[in-house]
Amino acid sequence: MKKYLTKITAFSLAFLVLFSTFSFTVEAHYCGDFIVDISYTGEAEVCKTDMTNDLSIAMKDCCSDKQHKIEGQDELQVNSDKQLDFSKQFFLTSFLTSYKSLFVTKDFVKIYHKNPYPPDTDKNFLVLYQTFLI
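Right, dumping it as structure tokens:
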């Protein structure tokens, strides 16, 4: 579960960075109060009355083109005054590793025997070491 959550978080952060730097333009063509065409990639098509005819000169005044620019972010990294130098980084890493080692748990497994048997004594140690009571 933790593995999937990490992947989802990484993907969403990458998606956020991508679309925060993404800028695009929406171009719209209006005839009067009505929208005729919207274009996200190029120029919007003009309506049929905008063609160059002698009769359409009076109609051109009611048509208009509008562009909406959505600007993205230019800088991703903001420089801060609180930079860590090498000695502070070294102290921080050594402190974190020593602090983490304080909480290491050791797993001890106790084995209990239900019916312990006495050891096998098939050898006669008195004869083996030749120690006799006289």
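If you're matching positions, the sequence shown starts at 11 in the numbering used here and goes up one per residue. Backbone N, C-alpha and C fix where the C-beta goes; we use that ideal spot for every residue, glycine too.
- The residues C41, G42, in chain order, have a CB closer than 8 Å to that of C72 in the same chain once the five nearest residues on each side in sequence are set aside.
- By the neighbour-count criterion, in which 16 or more other beta carbons inside 10 Å mark a residue as buried, A24 falls on the exposed side.
- For the pair Y14 and V36, the CB atoms are not nearer than the 8 Å cut-off.
- In the three-state DSSP reduction, V36 falls in the strand class (E or B).
- At a Cβ-Cβ threshold of 8 Å, D75 and H39 count as neighbours.
- The three-state reading of DSSP puts I18 in helix, counting H, G and I together.
- A residue is called buried when at least 16 other Cβ atoms come within 10 angstroms of its Cβ; A54 meets this threshold and is buried.
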